[in-house]
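J.:
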Amino acid sequence: PLQGKPQAVVTFPGDLVSTLPDLELAERYLQRFGYTTETEAKIGGRHVSLGKALLKMQKQLGLEETGELDAATLEAMRAPRCGVPDVGT
Amino acid sequence: FLTFEGDLKWDHMDLTYRVINYSPDLDRAVIDDAFRRAFQVWSDVTPLTFMQIHSGEADIMIMFGSQEHGDGYPFDGKDGLLAHAFPPGQGIQGDAHFDDDEFWTLGTGLVVKTRHGNANGAECHFPFIFEGRSYSRCTTEGRKDGLPWCATTANYDQDKKYGFCPSELLYTNDGNSDGAPCVFPFVFEGNSYDTCTTDGRSDGYRWCATTSSFDQDKKYGFCPNRDTAVIGGNSQGDPCVFPFTFLGQSYSACTSQGRQDGKLWCATTNNYDTDKKWGFCPDRGYSIFLVAAHEFGHALGLDHSSVREALMYPMYSYIQDFELHPDDVQGIQYLYGRGSGPKPTAPAPAPTEESQPMPTEEPQPVPTQEPQPAPTEESQPMPTEAGSTSTTEEEEEETPEPTAGPIPVDPSRDACTEKNFDAITEINGELYFFKDGNYWTHSSFWKSGIQGAFSVSDTWPGLPDTIDAVFQDVLTKRVFFFAGRQFWVFSGKSVLGPRGIEKLGIGKEAGRISGALQRGRGKVLLFSGESYWRLDVKVQRVDKGYPRATDDVFTGIPLDARHVFLYQGKYHFCRGSFYWRMTPRYQVDRVGYIKYDILQCP
Numbered sequence: 001p002l003q004g005k006p007q008a009v010v011t012f013p014g015d016l017v018s019t020l021p022d023l024e025l026a027e028r029y030l031q032r033f034g035y036t037t038e039t040e041a042k043i044g045g046r047h048v049s050l051g052k053a054l055l056k057m058q059k060q061l062g063l064e065e066t067g068e069l070d071a072a073t074l075e076a077m078r079a080p081r082c083g084v085p086d087v088g089t
Numbered sequence: 001f002l003t004f005e006g007d008l009k010w011d012h013m014d015l016t017y018r019v020i021n022y023s024p025d026l027d028r029a030v031i032d033d034a035f036r037r038a039f040q041v042w043s044d045v046t047p048l049t050f051m052q053i054h055s056g057e058a059d060i061m062i063m064f065g066s067q068e069h070g071d072g073y074p075f076d077g078k079d080g081l082l083a084h085a086f087p088p089g090q091g092i093q094g095d096a097h098f099d100d101d102e103f104w105t106l107g108t109g110l111v112v113k114t115r116h117g118n119a120n121g122a123e124c125h126f127p128f129i130f131e132g133r134s135y136s137r138c139t140t141e142g143r144k145d146g147l148p149w150c151a152t153t154a155n156y157d158q159d160k161k162y163g164f165c166p167s168e169l170l171y172t173n174d175g176n177s178d179g180a181p182c183v184f185p186f187v188f189e190g191n192s193y194d195t196c197t198t199d200g201r202s203d204g205y206r207w208c209a210t211t212s213s214f215d216q217d218k219k220y221g222f223c224p225n226r227d228t229a230v231i232g233g234n235s236q237g238d239p240c241v242f243p244f245t246f247l248g249q250s251y252s253a254c255t256s257q258g259r260q261d262g263k264l265w266c267a268t269t270n271n272y273d274t275d276k277k278w279g280f281c282p283d284r285g286y287s288i289f290l291v292a293a294h295e296f297g298h299a300l301g302l303d304h305s306s307v308r309e310a311l312m313y314p315m316y317s318y319i320q321d322f323e324l325h326p327d328d329v330q331g332i333q334y335l336y337g338r339g340s341g342p343k344p345t346a347p348a349p350a351p352t353e354e355s356q357p358m359p360t361e362e363p364q365p366v367p368t369q370e371p372q373p374a375p376t377e378e379s380q381p382m383p384t385e386a387g388s389t390s391t392t393e394e395e396e397e398e399t400p401e402p403t404a405g406p407i408p409v410d411p412s413r414d415a416c417t418e419k420n421f422d423a424i425t426e427i428n429g430e431l432y433f434f435k436d437g438n439y440w441t442h443s444s445f446w447k448s449g450i451q452g453a454f455s456v457s458d459t460w461p462g463l464p465d466t467i468d469a470v471f472q473d474v475l476t477k478r479v480f481f482f483a484g485r486q487f488w489v490f491s492g493k494s495v496l497g498p499r500g501i502e503k504l505g506i507g508k509e510a511g512r513i514s515g516a517l518q519r520g521r522g523k524v525l526l527f528s529g530e531s532y533w534r535l536d537v538k539v540q541r542v543d544k545g546y547p548r549a550t551d552d553v554f555t556g557i558p559l560d561a562r563h564v565f566l567y568q569g570k571y572h573f574c575r576g577s578f579y580w581r582m583t584p585r586y587q588v589d590r591v592g593y594i595k596y597d598i599l600q601c602p
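From first to last, the protein sequence lines are chains Y and C.
Per the working numbering, the first sequence starts with residue 1, numbered consecutively.
Per the working numbering, the second sequence starts with residue 1, numbered consecutively.
#1: Note down the Cα distance separating T16 of chain C from F33 of chain Y, rounded to an integer number of angstroms.
#2: When you compare the CB positions of K45 of chain C and L324 of chain C, do they come within less than 8 Å of one another, or not?
#3: According to DSSP, simplified to helix, strand and coil, what is Q486 of chain C?
#4: Return yes when the Cβ of P243 of chain C is within less than 8 Å of the Cβ of S235 of chain C, no when it is not.
#5: Please confirm whether M312 of chain C and F98 of chain C have their CB atoms less than 8 Å apart.
#6: Quick check on R201 of chain C: buried or exposed, where buried means 16 or more other Cβ atoms within 10 Å of its Cβ?
#7: Just reading off the alpha helix (DSSP H) that Y135 of chain C is part of, what are its end residues?
#8: Check for me: the alpha helix (DSSP H) holding T459 of chain C runs from which residue to which?
#9: Within the same chain, show all residues whose beta-carbon is closer than 8 Å to that of H304 of chain C, passing over the 5 residues directly before and after it, in chain order.
#10: So, is Q333 of chain C buried or exposed, given that buried needs 16 or more other C-beta atoms within 10 angstroms?
#11: Suppose the cutoff is 7 Å on Cβ atoms and the five residues either side in sequence are ignored; what does the same chain contact list for Y93 of chain C look like?
#12: Does the beta carbon of A8 of chain Y come closer than 8 Å to any beta carbon on chain C?
#13: What residue ranges within the stretch 251-275 of chain C form continuous alpha helix (DSSP H) runs of no fewer than 4 residues, ordered along the chain?
#14: Have a look at the DSSP bridge pairing and note the partners of G221 of chain C.
#15: In chain C, which residues lie with their C-beta within 8 Å of the C-beta of A76 of chain Y?
#16: Taking C-beta pairs closer than 9 Å, name the residues in chain Y that N234 of chain C reaches, listed in chain order.
#17: Among C:G232, C:I424, C:R259, C:I467, which residue has its Cα nearest to the Cα of P76 of chain C?
#18: Can we say the stretch 476-488 of chain C touches the stretch 455-465 of chain C, given the rule of at least three CB pairs closer than 8 Å?
#19: Listing by chain order, which chain Y residues have their CB less than 9 Å from the CB of Y205 of chain C?
#20: Is there a Cβ from chain C that is less than 8 Å from the Cβ of Q31 of chain Y?
#21: Compute the Euclidean distance between the alpha carbons of T604 of chain C and G89 of chain C, then round it to the nearest angstrom.
#22: What ranges does the beta strand (DSSP E) occupy inside the stretch 298-332 of chain C, keeping only unbroken runs of at least 3 residues that lie completely in it?
#23: Beta-carbon within less than 7 Å of A423 of chain C's beta-carbon, same chain only, minus the 5 sequence neighbours each way: which residues are those?
#24: Who are the near neighbours of A549 of chain C in its chain, counting only those whose CB is closer than 7 Å to its CB and skipping five residues on each side?
#25: Using a Cβ-Cβ cut-off of less than 8 Å, list which residues of the stretch 54-66 of chain Y approach chain C; keep chain order.
#26: Evaluate contact between the stretch 286-294 of chain C and the stretch 253-265 of chain C, counting only Cβ atoms and requiring at least three cross-stretch pairs below 8 Å.
#27: Against S306 of chain C, what residues of chain Y qualify as contacts under a CB-to-CB distance less than 7 Å, listed in chain order?
#28: Please decide whether A72 of chain Y counts as near chain C, where near means a Cβ-Cβ distance under 8 Å.
#29: Please return the same chain residues whose Cβ sits closer than 8 Å to the Cβ of G190 of chain C, not counting the five positions on each side in sequence.
#30: Please state the DSSP three-state secondary structure of T37 of chain Y.
#31: Could you check which residue in C:V307, C:G429, C:Q40, C:D71 has the C-alpha nearest to that of G339 of chain C?
#32: Kindly indicate which three-state DSSP category C416 of chain C falls into: helix, strand or coil?
#33: Please state whether the Cβ-Cβ distance between P224 of chain C and S177 of chain C is less than 8 Å.
#34: So what's R284 of chain C in DSSP terms, helix, strand or just coil?
#35: Would you call the stretch 27-36 of chain C and the stretch 274-286 of chain C touching, i.e. three or more CB-CB distances under 8 Å?
#36: Using the Cα positions of F604 of chain C and C254 of chain C, report the straight-line distance between them to the nearest angstrom.
See the structure below:
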């Protein structure tokens, strides 16, 4: 049976990441862990650089290499992990 | 594996480490022990030694902190980033930092180590029975002094074993009061406080005065977390207050109402609607041992690996009986050479490594390990692309593969018409299906479909017609066959056996072996009935502490599986015409038909 009342969604004070839109979360993740840089994003255009960076990340983390922001890749981006970058110094 | 650019490594083997501060989530003895074991992961396979020091500059300085904690690489609240570390070198190089907005445990939930009482510092046992009631938290019931306590066995009424839970009324950490408990109320900047506070601090740690006036005496300590302390939110460390009001409704337990991510939270005052004070409720948390072992790998010079099962893989996953992956071993030995092998250790008690009985109250210095003679440098393989198997060094000499392909005995005998099979396993990347002295192969790689039926006795002479289980040792490529309580070991066509499985150390309770899972590092799990043993293939003996109950680790799969095998990196449990597929994270990710999904019969 459907629930009686629609679920209220509250923004809790001090809650950080969980409400970021997917694309912004992806861009932050790819830059933070060295898969792309801000300049690359500017030069190549958002979509192209994202695709390239996603492919690099998917290969590095053993995900299916689609170059797309698919569900498995988003799940990986939300997974708890080490803060050391995967690429670069 | 990957190392940092320029193969950054320490120029000496006898390293020191120092724990600068401690998370209030765990008793400091538990944290010290976890860090000691995390370093031992690496010292077991290299000449490296690690000594804990308690003052001055150590090679590896370890600290807990939240958000921006002084190095320009801020953490991010609960979940997300868990920790980070710097490659070997001076100053901050070689240091490891842990995000104290995480809930630190040993990976399976709250760890409440008791003090005093009569249980020698044992952990609380939840739930426990006291005066006929069940408690899944520490309680002040039965006491007038308000000190929370718990039983350290399931039944206090029967066993009378107990200890006191962490609380600011019992002790404080660090500060300048030698562990003295808080005094409430106390005065700070003219205000009166009757609970711990973060006022006056920017790092979010809760503290209290240990006299009635901090303004006058300047005596203070940090408050340990109670068992009901929340994580993150905006009142980290404060206990839940039940009942609390949220959107006009009363809640007497943690809830995920109001959230889309399903995480449980509670208010830390009795009215969230007016006070807006909240935090996440304790969950399984993150194993400080596993995360520390990973970060210490960085501190020794290893970068992230793309091998999913490796310790140096960047994402966290909880593993119950942890073992260092060959990829990690090759990486650290590329930098520091081999050690002289694992140190002889006293026989461990039966429970899992994680629940080792805690050391005595005072943290023990890491036992001084005799400096190992430096191994002569063997020519080390150069690291290539992460995960490239070309860096893998076979430890055992290769056993010859059967070279000439077998000739089908009866090509018309169709595997798809067989009602069921005796055994299924993967050999050299192909799946083998055994039945009544015949076998078929199926390679998803070569797309050649099902090949056979071939004669078992042609390929492996001397075997009986009915086989219960088969597995191939990943390192030596030898193939082990089981039938009843007998087993055979084939290297190519040469065979050793039959021998009784009691020679492996498997008791009479195992009538037949139903399957095997290769676990890497020379270990294979052998399943029988509802239990499994861990076989050390090199010494052909099962490890101490086995058998264990299958459903302790492998949940959600049939306990009476007829076949258990590893295929394409995932565990397969078969019963009847179905199979359950489980990921290395012990999650069943697929249930399907053996014939249609695995054999791909039409």
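Built from N, CA and C at the ideal position, the CB exists for glycine as well.
T.: Well, looking at it:
#1: 29 Å
#2: Looking at the sequence provided, one finds Val at residue 45 of chain C rather than Lys. Yes, these two residues count as a Cβ contact at 8 Å.
#3: strand
#4: no
#5: no
#6: exposed
#7: Unbroken run through Y135 of chain C is the beta strand (DSSP E), 133-135; no alpha helix (DSSP H).
#8: 456-459
#9: L2, M312, Y313, P314, A386
#10: buried
#11: The amino acid occupying residue 93 of chain C in the given sequence is Gln; Tyr does not appear at that position. So the list reads F86, P87, once near-sequence residues are dropped.
#12: yes
#13: 272-275
#14: C:C208
#15: M315
#16: F12, P13, G14, D15
#17: This sequence places Asp at residue 76 of chain C; Pro is not what is there. The candidate whose alpha carbon is nearest that of D76 of chain C is C:G232.
#18: yes
#19: Chain Y residues near Y205 of chain C: none, gap ~16 Å exceeds 9 Å.
#20: no
#21: Absent from the structure is residue 604 of chain C, since the part of chain C shown begins at 1 and ends at 602.
#22: none
#23: F434, I467, D468, A469, V470, H563
#24: E530, S531
#25: K59, Q60, L61, G62
#26: no
#27: Q60, L61, G62
#28: no
#29: D215
#30: coil
#31: C:Q40
#32: helix
#33: no
#34: coil
#35: no
#36: In this structure chain C extends from 1 to 602, so residue 604 of chain C is not present and cannot be described.
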